[in-house]
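Counting from 0, one number per residue, gives the positions in the sequence shown under numbering that gives the first Met the number 0. We put the CB at the ideal spot given by N, CA and C, even for glycine. Data block below; observations after.
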Amino acid sequence: MPSPRYWREVPARFRLEAVRCRGCGKVVYPARRVCPGCRGTDLEPLALSRSGTVVTSTVIHVAPAEFAMETPYAVAIVETPEGARLMAQVVDCELPEVKPGLKVNLEFRLIRQEGHGGILCYGHKAVPEA
Ligand SMILES: [Zn+2]
0 MPSPRYWREV PARFRLEAVR CRGCGKVVYP ARRVCPGCRG TDLEPLALSR
50 SGTVVTSTVI HVAPAEFAME TPYAVAIVET PEGARLMAQV VDCELPEVKP
100 GLKVNLEFRL IRQEGHGGIL CYGHKAVPEA
């Protein structure tokens, strides 16, 4: 089953909803009520751009069962122009192309199907800009 954390974060994940701290300027994704930077609670909503730059990436060779058919695949930390960082699978490219500085678009895709009940989990995947 998807964890409670997954469900709590669904709306934020769907809309790439982040918050910016009015206290220290930190951009936090997914949105939270308390700034992890300064513990401030004065946060304004911020919709992230659906694009970003790969900061770091890794290739997954051994994956949980539901992802096993996709190995090897690349997972990257992508930084949006707003300064938020999120982790996304990088798709539609060759693995050696995935490196820091790669420009990607964040596309909303099916991530996985949970078990035999077939609960569908959606999220963003990073696709290199053409
Ligand atoms: Zn702050």
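Pairwise C-alpha distance: residue j and residue i
i: A46; j: V18; result: 8 Å
i: G82; j: V97; result: 20 Å
i: L94; j: L42; result: 37 Å
i: P99; j: F107; result: 22 Å
i: L15; j: I76; result: 15 Å
i: L105; j: R31; result: 21 Å
i: P29; j: V54; result: 18 Å
i: V58; j: V33; result: 32 Å
i: E128; j: T79; result: 14 Å
i: H123; j: Q88; result: 8 Å
i: L101; j: G51; result: 8 Å
Nonlocal neighbours in the same chain, by C-beta distance under 7 Å from residue i, ignoring five residues either side
i: V26; result: A17, R19, L45, E81, G82 and A83
i: C92; result: P127
i: G22; result: C34, C37, G39 and D41
i: R49; result: L15, N104 and L105
i: G24; result: none
heavy atom of ligand 1 below 8 Å from residue i C-beta
i: G39; result: yes
i: K25; result: yes
i: C36; result: Looking at the sequence shown, residue 36 is not Cys but Gly. G36: yes, Cβ under 8 Å from ligand 1.
i: G22; result: yes
Residue i - DSSP class collapsed to helix/strand/coil
i: E96; result: helix
i: E65; result: helix
i: R84; result: strand
i: R14; result: helix
i: S48; result: coil
i: G39; result: coil
Neighbourhood of residue i by C-beta distance below 8 Å, restricted to the same chain and skipping five residues each side
i: M86; result: V74, A75, I76 and V77
i: V90; result: Y72, R108, K124, A125 and V126
i: H60; result: T70 and P71
Nonlocal neighbours in the same chain, by C-beta distance under 6 Å from residue i, ignoring five residues either side
i: S56; result: A73, A75 and V97
Checklist entry - Counting Cβ pairs closer than 8 Å, one from the stretch 64-73 and one from the stretch 30-40, do we hit at least three? => result no
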